[in-house]
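Engineer: Have a look at this one before I ask anything.
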């Protein structure tokens, strides 16, 4: 679901940046209203979790790969607005430093995964959980369904964006300029894997962690419970120990990230321009695209835009590290560090604005 540079037209990218911007603005204002020192570690924790969980590639039907994104879990704990910021931060860092998703497509990827995903997660979770007790098994089911629905709606959004490109943008000869596959191929190609493997992974991750939190620290589930109480106040009272098991779990998950390179192939719609000339990759593209062969050459717009940004640690493979597994692990550690710095930077900025607004008030 990480749309690369060149698969969407500049006009489509601009429209999706414009669509994402108001949500980012509202999310920042909503988070600033309840900002507390304990919210910053929570934001950092779930942004880092989203970054790490997306490194675990899973084999999907057709020879492609996919992954969970953690949006359901982030929304259940943080609420939709803070979850938008957390997952957007992970996606932006992935694009800038690791080439996972394009620079021009940051708006699209954040809109699809962070914004649409968090809103869908929240709606499904609240609808299924109702006003049941925080420790009710129904909330575990609600969290799983929220994650499953969110990742599939996000995938559908990406599929539609891919599929409209050949309908809207062609060169003088009639060849597609950007994504070469229309809606009739893009939608089933994207959805088959997400309705099955990737969606189920998101379901089990969301449900499993919520079940754990019900036993270890139910206060972390209060933000979206619809019940009386305040997540920030209760976590503050619980102190740093409340988050220690989650940080330890994240550390263990990070150490396991090299498992993510075991799945062969790439995600659908994330091929680089040179892949269109590789017979083996062309065969994989066709197999995952309803046996529709890709064009003999990469679309001109895709080829032009795909090289506009070279990430310093492209594909999570630092050039100075010979071991692919160790390089992948180092990338995970570096990415988590960047996410934490970004989270605390946002927290510091919002706190300074909050203090300035308070000082200027009557």
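Residue numbers (the working numbering): 2 to 363.
C-beta atoms are modelled at their ideal positions from N, C-alpha and C, and glycine is treated no differently.
Just so we're clear, the structure is a prediction, and the values are computed from it rather than from any experiment.
At a cut of 8 Å, does the region 323-339 reach the region 253-269 through at least three beta carbon pairs?
Structural biologist: Touching, per the Cβ criterion.
Engineer: So, using beta-carbon positions, are residue 221 and residue 340 closer together than 8 Å?
Structural biologist: Numbered from 1 along the chain shown, position 220 holds the residue referred to as residue 221. Numbered from 1 along the chain shown, position 339 holds the residue referred to as residue 340. Contact: no.
Engineer: Among 223, 197 and 57, which residue has its Cα nearest to the Cα of residue 385?
Structural biologist: Absent from the structure is residue 385, since the part of the chain shown begins at 2 and ends at 363.
Engineer: Report all residues from its chain with a CB closer than 8 Å to the CB of residue 153; omit the five preceding and five following residues, and keep chain order.
Structural biologist: As a first step, residue 153 must be located in the chain shown, where it is residue number 152. These residues qualify, in order along the chain: 192, 195, 196 and 200.
Engineer: Thinking residue 264 and residue 58 are a contact (beta carbons under 8 Å), I'd like their distance in whole angstroms, please.
Structural biologist: Translated into positions along the chain shown, residue 264 becomes position 263. Translated into positions along the chain shown, residue 58 becomes position 57. So it is a contact: roughly 4 Å between Cβ atoms.
Engineer: Alpha carbon to alpha carbon, what distance is there between residue 132 and residue 14?
Structural biologist: As a first step, residue 14 is located in the chain shown; it is residue number 13 there, counting from the start. As a first step, residue 132 is located in the chain shown; it is residue number 131 there, counting from the start. About 39 Å.
Engineer: Would a C-beta distance cut-off of 8 Å place residue 2 and residue 159 closer than the cut-off?
Structural biologist: Stepping through the chain shown from its first residue, residue 2 is reached at position 1. Stepping through the chain shown from its first residue, residue 159 is reached at position 158. Cβ atoms of residue 2 and residue 159: closer than 8 Å.
Engineer: Tell me which residues share the same chain as residue 235 and place their Cβ nearer than 7 Å to its Cβ, disregarding the 5 neighbours each side in the sequence.
Structural biologist: Along the chain shown, one-based indexing puts residue 235 at 234. Bear in mind that a pLDDT of 48 at residue 235, under 50, signals an unreliable position, so the number given afterwards is only what the model happens to contain. Cβ neighbours of residue 235 beyond the five flanking positions: 220 and 223.
Engineer: So, with DSSP's three-state summary, where would you put residue 132?
Structural biologist: Residue numbering aside, residue 132 sits at position 131 when the chain shown is read from its first letter. Coil.
Engineer: For residue 48, which residues in the same chain have their Cβ closer than 6 Å to its Cβ, ignoring the five residues on either side in sequence?
Structural biologist: Mapped onto the chain shown, residue 48 falls at position 47. 87, 90, 91, 340 and 344.
Engineer: Leaving out five residues on either side along the sequence, give the residues of the same chain with a beta carbon under 7 Å from the beta carbon of residue 73.
Structural biologist: Within the chain shown, residue 73 is the residue found at index 72, counting from 1. Result list for residue 73: 122, 144, 147, 148, 151, 203 and 207, in chain order.
Engineer: Is the distance from the Cβ of residue 285 to the Cβ of residue 186 below 8 Å?
Structural biologist: Translated into positions along the chain shown, residue 285 becomes position 284. Translated into positions along the chain shown, residue 186 becomes position 185. Not a contact, by the Cβ cut-off of 8 Å.
Engineer: Could you pull the DSSP bridge partners for residue 67 from this structure?
Structural biologist: Along the chain shown, read from residue 1 onward, the residue named residue 67 stands at position 66. Note: residue 67 sits in a beta bridge opposite 59.
Engineer: Could you give the DSSP three-state label for residue 305: helix, strand or coil?
Structural biologist: The residue given as residue 305 occupies position 304 in the chain shown. Here residue 305 sits in helix by DSSP.
Engineer: Count the other C-beta atoms from every protein chain shown that fall within 10 angstroms of the C-beta of residue 101, then say buried if there are 16 or more, exposed otherwise.
Structural biologist: As a working note, residue 101 is residue 100 in the chain shown. Buried: at least 16 other Cβ atoms inside 10 Å.
Engineer: Give a yes or no on whether the C-beta atoms belonging to residue 95 and residue 163 are separated by under 8 Å.
Structural biologist: Numbered from 1 along the chain shown, position 94 holds the residue referred to as residue 95. Numbered from 1 along the chain shown, position 162 holds the residue referred to as residue 163. The answer is no: Cβ separation not under 8 Å.
Engineer: Below 8 Å on the Cβ atoms is my guess for residue 179 versus residue 170; work out the distance and round it to an integer in Å.
Structural biologist: In the chain shown, counting from the first residue as 1, residue 179 sits at position 178. In the chain shown, counting from the first residue as 1, residue 170 sits at position 169. Yes, they are in contact, since the Cβ atoms of residue 179 and residue 170 sit about 6 Å apart, within 8 Å.
Engineer: What's the gap between the Cα of residue 342 and the Cα of residue 12?
Structural biologist: For the purposes of this step, residue 342 is taken as the residue at position 341 of the chain shown. For the purposes of this step, residue 12 is taken as the residue at position 11 of the chain shown. Near 32 Å, if we compare the C-alpha coordinates of residue 12 and residue 342.
Engineer: In angstroms, rounded to a whole number, what distance separates the CA positions of residue 107 and residue 216?
Structural biologist: Within the chain shown, numbered from 1, the residue matching residue 107 stands at position 106. Within the chain shown, numbered from 1, the residue matching residue 216 stands at position 215. Their backbone Cα atoms lie some 37 Å apart in a straight line.
Engineer: Any idea which residues DSSP pairs residue 177 with across the strands?
Structural biologist: Taking the first residue of the chain shown as position 1, residue 177 is located at position 176. For residue 177, which the question treats as bridged, DSSP gives the partners 171.
Engineer: Tell whether a beta-carbon distance below 8 Å holds between residue 142 and residue 125.
Structural biologist: Sequence index remark: in the chain shown, residue 142 carries index 141 (1-based). Sequence index remark: in the chain shown, residue 125 carries index 124 (1-based). Going by C-beta atoms, residue 142 is not nearer than 8 Å to residue 125.
Engineer: Can you tell me whether residue 279 is buried or exposed? The criterion is at least 16 other CB atoms within 10 Å of its CB, across all chains shown.
Structural biologist: For the purposes of this step, residue 279 is taken as residue 278 along the chain shown, with counting starting at 1. Exposed, since its Cβ has fewer than 16 Cβ neighbours within 10 Å.
Engineer: In whole angstroms, what separates the C-alpha of residue 198 from that of residue 209?
Structural biologist: Against the chain shown, residue 198 aligns to sequence position 197. Against the chain shown, residue 209 aligns to sequence position 208. Computed Cα separation, rounded: 16 Å.
Engineer: Taking only three categories from DSSP, how would you classify residue 271?
Structural biologist: Taking the first residue of the chain shown as position 1, residue 271 is located at position 270. Residue 271 falls in the coil class under three-state DSSP.
Engineer: Would residue 136 be called buried (16 or more neighbouring beta carbons within 10 Å of its own) or exposed?
Structural biologist: If you number the chain shown from 1, residue 136 lands on position 135. So residue 136 counts as exposed.
Engineer: Is the beta carbon of residue 321 sitting closer than 8 Å to the one on residue 258?
Structural biologist: For the purposes of this step, residue 321 is taken as residue 320 along the chain shown, with counting starting at 1. For the purposes of this step, residue 258 is taken as residue 257 along the chain shown, with counting starting at 1. Cβ distance not < 8 Å, so residue 321 and residue 258 don't count as in contact.
Engineer: Compare the C-alpha of residue 277 against each of 140, 99 and 301 and name the closest.
Structural biologist: Here the question's residue 277 lines up with position 276 in the chain shown. Residue 277 has its Cα closest to that of 301, out of 140, 99 and 301.
Engineer: Here's the rule: buried if 16 or more other CB atoms are within 10 angstroms of the residue's CB, otherwise exposed. What is residue 174?
Structural biologist: Locating residue 174 in the chain shown gives position 173, where the first residue counts as 1. Residue 174 comes out exposed.
Engineer: Using the rule of at least 16 other Cβ atoms within 10 Å of the residue's Cβ for burial, across every protein chain shown, is residue 26 buried or exposed?
Structural biologist: Numbered from its first residue, the chain shown carries residue 26 at position 25. By the 10 Å Cβ count, residue 26 comes out exposed.
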